[in-house]
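Have a look at the structure below before the remarks.
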Amino acid sequence: MAQVTVSIDGKQYRMACDEGQEEHLIDLAERFDRYVSHLKDSFGEIGDQRLTVMAGIMVMDELSELQKRIAGMESEVVTLRKTRDEALTKADKNDSVLTGALGALAQRMEDLATALVVPKA
């Protein structure tokens, strides 16, 4: 286990994390600290616990909104895939019909060409 020291609201906290995750944990702590700082700037000194709880709620609100957006995008992807699959199926059918029509036309042309060939005496 790796250990890093992060700073939240000017206080140092030693935390453990998986090897290789140190920078990620530091980044998360910096981002959380920005929430706390924003709240402290807005409301002043209202107590560490209250600031932490409010910042946590702000983060969860943002997470909730992102989850809703992801769900909407996932639904849209499903719809787009279905539309794409239907379009590909229709295109395959159209290709089959066109190939059949061209084959029949080619056969008629060959039949006409054969009929028009005058045997030499």
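Counted the way numbering that gives the first Met the number 0 counts, the sequence shown spans residues 0 to 120. Where a beta carbon is used, it is the ideal one built from N, C-alpha and C, also for glycine.
Checklist entry - Taking the DSSP output, what are the residues bridged to Val3? => result Indexing the sequence shown from 1 puts residue 3 at position 4. Answer is Met14, bridged to Val3.
With a threshold of 7 angstroms on Cβ separation, who are the neighbours of Ala54 within its own chain once the five nearest residues in sequence on each side are excluded? The sequence position of residue 54 within the sequence shown is 55, counting from 1. The residues are Phe31, Tyr34, Val35, Leu38.
Whether Ala28 touches Cys16 by CB criterion (8 angstroms):
Indexing the sequence shown from 1 puts residue 28 at position 29. Indexing the sequence shown from 1 puts residue 16 at position 17. By the CB criterion at 8 angstroms, Ala28 and Cys16 fall outside the cutoff.
- Query: Would a C-beta distance cut-off of 8 angstroms place Asp8 and Leu50 closer than the cut-off?
  - Reply: Within the sequence shown, numbered from 1, the residue matching residue 8 stands at position 9. Within the sequence shown, numbered from 1, the residue matching residue 50 stands at position 51. Going by C-beta atoms, Asp8 is nearer than 8 angstroms to Leu50.
Any idea what DSSP makes of Glu75, helix, strand or coil? Counted from its first residue, the sequence shown places residue 75 at position 76. Looking at Glu75 - three-state DSSP - the assignment turns out to be helix.
Within 10 Å of its beta-carbon, does Val5 have 16 or more other beta-carbons around it, so buried, or fewer, so exposed? Numbered from 1 along the sequence shown, position 6 holds the residue referred to as residue 5. Val5 comes out buried.
### Val116 - DSSP class collapsed to helix/strand/coil
In the sequence shown, residue 116 corresponds to position 117, counting from 1. Coil.
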